[in-house]
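The structure under discussion appears below in the form of structure tokens.
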Amino acid sequence: MGIEQIFAAIPWETIIIQTVNGIVTGMILALIASGLTLIFGIMDVVNFAHGELFMLGAYIGVVVITTSGSFWLALVIATLVVALLGAALQITTLRPLLGRDPLTTILATFGISLVLQNYALWQFGPVARKIQEPFTGYFTLFYLEYPWYRLLIAALSAAIIGAFWLFLKYGKYGVWIRATTQDRVMAQAMGIPVPWVHTGAFAIGAGMAAASGVLFGPLVGVNHAMGLDWILKAFIVVVVGGMGSLGGSIAASIFISLLEAYASIWVSPAQAGIVSFVVLILTLLFRPTGLFVPTPK
Amino acid sequence: MSPDPTPMQPLVAVEDVHTYYGKSHILHGVSLHVERGEVVGLLGRNGVGKSTTLKTIMGLVHPDRGKVLFAGNPITGLPAHKLARRGIGYVPEDRRIFRLLTVMENLRTGLDRNGVTEARKQELLDKAFAYFPVLAERRNQAGGTLSGGEQQMLAIARAMMLEPKIILLDEPTEGLMPRMVSQIRQIIDVLQREGVAILLVEQNVPLTLEASHRIYIMEKGTVRHHCAASDLKVDDAVIHQYLGV
Amino acid sequence: MSKRSATVYWTGFAIILALLIVAPLVLPEFWRRFVTEILIWGLLAMSSDILIGYTGMVSFGHSAFFGLGMYGAAAALLMVRPPNLWLAIVYGLIGSAAIGLFVAYFSTRLRDIYFAITTLIFSQIFYVIIFTWTEVTGGENGLSFRRPPLAIPGLFSAPFTAETLHWFVLAVVTASYLILRRITQSPFGMVLQSIRENEPRTRAIGYAVERYKIVAVMLSALFAGLAGVLYAVQNRFAAPDFVYFLVSGETVIFNVMGGIGTLVGPIVGAGFFLLLREAFSRFFTEYYLIPVGIIFIAMVIFMPQGLLGFMRRWLNR
């Protein structure tokens, strides 16, 4: 086959569409993973319940939209409510475990995830709910009618992450969070109320997960098990991106989502999911500190 | 805010404190005190528990037995961040500045407290930069890029931002060149003139004897000797006994 | 173990064993199955205890070992005529051992949280493979097959009855317990515990920590696979649900509830959890996990040593 023929055989249009899809999914994943990375980086807690916070955010979104009709109100309320819930959970179940074997926090958050999942199942039933997009509207991307809403999700997620990054860099409490993440002991010695910084960070992470839930809601059905798939992907992203590295998890989110989007051109979406697992294994074998972390220390 | 203690009460009092790291019994009944505005030296070989004593006062480690008092009030078991706000500053061994934060941000961690006006914060910053001009030059550089001596100055300046009544200094001259050592010596004097008490742990005996009013010597987790600094000379028998090789 | 302790221990052991032997004769069918299930899950949890309680490695991957034991047995029972019990066991063990090798390799390169998350993800990889490779594994619907007879070639062959199945499971689980107990009390077991207490120091003393970890993972995988085989034989089907990581999570719950590092604790933990599930199902139907989950969280915080934790020293002498 000549070069032109190979060139023609590659489905360029599909690839570009999948690139857009990959970026959209990647940004949602980045938003979820950022919260997870923040929580892990600052208090060494692997938050197994993170997927359920995402799920609860989506459900609260459903409830608010059904009563008020406003998508934006749903986004705000879901974020705030879940942030508060996160703070409450951290204070009641994670603070007593501070300083103990890290296994205990994994177990405690796993227990929380089971309780939250079944609570959602109990309250909302097994049938998936739908969140209406705030606006419909398509533009033509090659042979597809591509919804504007999807681009909005990516933009909003990026905006939220950006705002968070600015807060970390310039905000007064942002400095507290960064200092506590680097050296918890000296942060205390400088008068920073570390237990409350932990609670605050957990709340922020929870809020970010909830926001992703509302944003992602219109794309899929909202049901009690939706957190499970995302939590696994988010874990993979956090490890591949370098545990505790915010920039790394964002890069890894987009990288893995793009690869999966491309893979699903040729295989089924369920099988495309294996891509992230493969990336994880390769990372662990060859660069265990993280693919996107500058130099292994 | 605690009421002013009677003049007879020391600023910091450690009474018969026993501290453990896990199962290791590190402090076997340490008692010492520091008066307002005093410089007190704490000498002893490596591993006798000097740093642990400082950490116990700072609330980073909690004693199993014994009491720690600050301005007459018991502070045993209180978390470190509360003690920092009450006026205890801590400069640990190996400095431990926030490497990924800039010099300014490092200083800010001590400035962001309740009840401090913006004007006062600026005053404190100006003072820090006046004492440590090199920090002013590097104010937007990440802490990890500073040299050892500069990091030491940052660690001390950072503690000063708390407006502490006492600073716990753990081996400030370790690993520093002689020029920096004398700078540290000067800083100790300046702090003392400002009325800040200092509890100084050091391996550098001559500097400690020169700078301190009183000396404690520790061995095996307890205080073995206590006297005025002027009572000791560098080649004293006591020094050889507890610190000699 | 001192003479007196040993007598107490073995007397207790004998009593419990006797109760379990008599159980199928006196209990109604539902509870008979219930006890058999506790034994099987208990074996799974016990295998996990080798890693969590004795070597200090938290694994969320036991659903993979269990599942592959189950599917291995299914393969033997479907592919080889007439269905042979022992072949099922062998196939199942080979299946779980293969996964075990894979996981063991990574266990030596990863610590703590990374290892836990990675094992979790591995079990999910196998779940996806089994779920989507429908031609071989039956996909979502799993595989069903006939129960093999209890047979010793050349001597006798008789189909399992409810009682003999229970006794067979009991025999396997008891033998496994005794073997594992022997191993944990051996010098090898002591090294494992030393690794759990202080890995760097164990390495510094001169032990090849990696080799010990690999063996520990393999052991754990084998007994978990054995539990999978038993489950397949009892229930006559294999389904991907059992490879889902939630099963691993439940296994860890059994361990924590019962007490890690005790070997019997996990069996008690499994029993406790299943009893709670039964009890709460009466009131909460399928939402029993809400109260059970809360109890679990409370135990992690307030009773981390588990139900039998207080006996840990004694049980290990």
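Residue numbers (the numbering used here), protein chains in the order written: chain A, 32 to 328; chain B, 9 to 253; chain C, -3 to 313.
Ideal Cβ placement from N, Cα and C applies to all residues, glycine included.
> Between the C-alpha atoms of V38(B) and C235(B), what's the straight-line distance to the nearest angstrom?
Replying inline: As a working note, residue 38(B) is residue 30 in the second sequence. As a working note, residue 235(B) is residue 227 in the second sequence. Roughly 16 angstroms between the two C-alpha positions.
> Taking one C-beta from the region 269 to 284 of chain C and one from the region 158 to 173 of chain C each time, how about it: are there three or more such pairs within less than 8 angstroms?
Replying inline: no
>> If contact is defined by three or more beta carbon pairs under 8 angstroms, each pair taking one atom from either stretch, is the region 146 to 158 of chain B in contact with the region 106 to 114 of chain B?
In response: yes
> Anyone know if the C-beta pair for Y163(A) and P249(A) falls short of 9 angstroms?
Replying inline: Working through the first sequence from its first residue, we reach residue 163(A) at position 132. Working through the first sequence from its first residue, we reach residue 249(A) at position 218. Residue identity differs from the one stated: residue 163(A) is Gln in this sequence, not Tyr. Taking 9 angstroms as the Cβ cut-off, Q163(A) and P249(A) qualify as a contacting pair.
> What number of angstroms, rounded off, separates the C-alpha of S10(B) from the C-alpha of L67(A)?
Replying inline: The count along the second sequence starts at 1 and reaches residue 10(B) at position 2. The count along the first sequence starts at 1 and reaches residue 67(A) at position 36. Because the pLDDT at S10(B) is just 46, under 50, the model does not fix this residue reliably, and the point stays unresolved.
> Is it true that the CB of M42(C) sits closer than 9 angstroms to the CB of F219(C)?
Replying inline: Counted from its first residue, the third sequence places residue 219(C) at position 223. Counted from its first residue, the third sequence places residue 42(C) at position 46. For F219(C) and M42(C), yes; Cβs fall inside 9 angstroms.
> I65(B) and P172(B): beta carbons closer than 9 angstroms?
Replying inline: Within the second sequence, residue 65(B) is the residue found at index 57, counting from 1. Within the second sequence, residue 172(B) is the residue found at index 164, counting from 1. For I65(B) and P172(B), no; Cβs fall outside 9 angstroms.
> Can you check whether the CB of G117(A) is closer than 9 angstroms to the CB of G275(A)?
Replying inline: For the purposes of this step, residue 275(A) is identified with residue 244 of the first sequence, where counting begins at 1. For the purposes of this step, residue 117(A) is identified with residue 86 of the first sequence, where counting begins at 1. Cβ distance not < 9 angstroms, so G275(A) and G117(A) don't count as in contact.
> Are the region 83 to 94 of chain C and the region 68 to 75 of chain C in contact at 8 angstroms, needing three or more beta carbon pairs?
Replying inline: yes
> Hey, I46(C) and L226(C): beta-carbon distance below 9 angstroms or not?
Replying inline: Along the third sequence, read from residue 1 onward, the residue named residue 46(C) stands at position 50. Along the third sequence, read from residue 1 onward, the residue named residue 226(C) stands at position 230. Cβ atoms of I46(C) and L226(C): not closer than 9 angstroms.
> Looking at chain A, which residues of the region 107 to 118 of chain B have a Cβ within less than 9 angstroms of any of its Cβ atoms?
Replying inline: R107, L108, L109, E113, N114, R116, T117, G118
>> Please state the DSSP three-state secondary structure of K31(B).
In response: In the second sequence, the residue the question calls residue 31(B) occupies position 23. Three-state DSSP puts K31(B) in coil, outside helix and strand.
> Relative to the C-alpha of A165(B), which residue among I192(B), L50(B), R121(B) is closest?
Replying inline: The residue labelled residue 165(B) in the question sits at position 157 within the second sequence. That would be I192(B), whose Cα lies nearest to the Cα of A165(B).
> Which residues mark the beginning and the end of the alpha helix (DSSP H) in which P186(B) is found?
Replying inline: Position 178 of the second sequence, counted from the start, is the residue given in the question as residue 186(B). Taken as a continuous stretch (DSSP letters only), the alpha helix (DSSP H) holding P186(B) covers 186 to 201.
>> Per DSSP, what are the beta-bridge partners of T171(A) in this structure?
In response: Within the first sequence, the letter at position 140 stands for residue 171(A). Bridge partners of T171(A): E176(A).
> Cα-Cα, which of L40(B), I105(B), L215(B), P100(B) is closest to Q17(B)?
Replying inline: Along the second sequence, one-based indexing puts residue 17(B) at 9. Here the closest residue by C-alpha is L40(B).
> Helix or strand or just coil, what does DSSP make of T230(B)?
Replying inline: Counted from its first residue, the second sequence places residue 230(B) at position 222. Correct three-state label for T230(B): strand.
>> To the nearest angstrom, how far is the alpha carbon of N78(A) from that of G142(A)?
In response: The residue labelled residue 78(A) in the question sits at position 47 within the first sequence. The residue labelled residue 142(A) in the question sits at position 111 within the first sequence. Answer to the nearest angstrom: the Cα atoms are 11 angstroms apart.
> With burial defined as no fewer than 16 other Cβ atoms inside 10 Å of the residue's Cβ, what is the status of M185(B): buried or exposed?
Replying inline: Translated into the one-based positions of the second sequence, residue 185(B) becomes position 177. It counts as exposed.
>> Against chain B, which members of the region 204 to 222 of chain A pass a CB distance test of less than 8 angstroms?
In response: V206, W207, R209, A210, Q213, D214, V216, M217, A218, Q219, A220, M221, G222
> Interface residues of chain B around V225(A) at Cβ under 9 angstroms?
Replying inline: Position 194 of the first sequence, counted from the start, is the residue given in the question as residue 225(A). Those are P87, A88, H89, listed as they occur along chain B.
>> Once DSSP output is grouped into helix, strand and coil, what is the label at E23(B)?
In response: Start at 1 with the first residue of the second sequence, and residue 23(B) comes out as number 15. Strand.
> So which residues on chain C does G66(A) lean against when the C-beta distance must stay under 7 angstroms?
Replying inline: As a position in the first sequence, residue 66(A) is number 35, starting the count at 1. The contacting residues do not exist; G66(A) stays about 16 angstroms from chain C at best.
> Can you name the residues that DSSP bridges to Y224(B)?
Replying inline: Within the second sequence, numbered from 1, the residue matching residue 224(B) stands at position 216. In DSSP, Y224(B) forms a bridge with L50(B), H234(B).
> Looking at C-alpha atoms only, which residue of A301(A), A220(A), V251(A), W196(A) is the closest neighbour of M239(A)?
Replying inline: For this step, residue 239(A) is matched to residue 208 along the first sequence. Checked all of A301(A), A220(A), V251(A), W196(A); the closest Cα to M239(A) is W196(A).
> Quick one: what does DSSP say H58(C) is sitting in, helix, strand or coil?
Replying inline: Translated into positions along the third sequence, residue 58(C) becomes position 62. DSSP places H58(C) in helix when its eight states are reduced to three.
> Relative to chain C, which residues along the region 144 to 168 of chain A have a C-beta separation below 7 angstroms, given in chain order?
Replying inline: L145, V146, N149, Y150, L152, W153
>> Does chain C have any CB closer than 9 angstroms to the CB of R318(A)?
In response: To locate residue 318(A), count along the first sequence from 1; it is residue 287. So no, R318(A) is outside the interface.
> Since G142(A) meets chain C, which of its residues come closer than 7 angstroms, beta carbon to beta carbon?
Replying inline: The sequence position of residue 142(A) within the first sequence is 111, counting from 1. The contacting residues are G289, F292, I293, V296.
>> To test your reading of the DSSP string, which unbroken alpha helix (DSSP H) runs of 4 or more residues are found completely within the region 218 to 290 of chain A?
In response: 225 to 247, 257 to 272
> Would you say T124(A) reaches chain C, if we count a Cβ-Cβ gap shorter than 9 angstroms as a contact?
Replying inline: Residue 124(A) sits at position 93 when you count from the first residue of the first sequence. So yes, T124(A) belongs to the interface.
> Beta-carbon separation of F30(C) and E274(C) under 9 angstroms?
Replying inline: The count along the third sequence starts at 1 and reaches residue 30(C) at position 34. The count along the third sequence starts at 1 and reaches residue 274(C) at position 278. Yes.
> Taking Cβ-Cβ distances shorter than 8 angstroms, what residues in chain C pair up with I137(A)?
Replying inline: Translated into positions along the first sequence, residue 137(A) becomes position 106. Result: V54, I109, A112.
> Buried or exposed: which applies to N137(C), given that a residue is buried once 16 or more other Cβ atoms fall within 10 Å of its Cβ?
Replying inline: If you number the third sequence from 1, residue 137(C) lands on position 141. Exposed, by the Cβ-count rule.
> Does any residue of chain A bring its CB to less than 9 angstroms from the CB of G67(B)?
Replying inline: Translated into the one-based positions of the second sequence, residue 67(B) becomes position 59. Yes - at least one Cβ of chain A is within 9 angstroms of the one on G67(B).
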